Amino acid sequence: MGKIQDYVVKNNIKPKECGYHTWRDVKSKAGKPGGKIRVLVPPNSTTAMVEYTCPECGHSAYSEQPWKRPFSINCEKCKLKITVPKMKDAAKKEAKADNAK
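Here it is, written out as C-alpha cells:
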C-alpha cells in the first residue's frame, strides 16, 4: 500500500482537511484478521481513493470510486465485498460478540 501515502505527502494533506480518511484492519469471513483497507476522500472531492488487501485471497489493489456511505468495495480477484462500517457500529458489534462468549 503506497499510492494514497504518496498522494498525501505530495499534496501536503492533513487528516483534518480530508472529507474522509480511515485505515483499518479487515477480518475474513471466518472472523480472522488478514486484510487492510485505507480510504481517503481528498478535500473538495467526491471520489474515494481506496487501497486494500483482501482478507480472503491476499490480493492488494488500488481503486478510485464515488464516495458514499456506507462504503464498500469488491476485491478485484475473488469478488469479496469489503465494507467500511461506521466506527460506532463496529464497536457495538464487537462488544456484542464479546458479551456472547
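All you need for this note's numbering is the position in the sequence shown, starting with 1, plus 27. Note that the Cβ used here is the ideal one computed from N, Cα and C, for glycine as well. No experiment lies behind these values; they were computed from the predicted model shown.
The straight-line gap separating the alpha-carbon atoms of SER99 and ASP52 is approximately 14 Å.
Proximity to TRP50 across THR80, LYS108 and ASN38 peaks at THR80, based on C-alpha coordinates. The three-state secondary structure of ASN101, taken from DSSP, is strand. In this chain, the alpha helix (DSSP H) harbouring ILE31 covers 30–38. A residue is called buried when at least 16 other Cβ atoms come within 10 angstroms of its Cβ; PRO69 meets this threshold and is buried.
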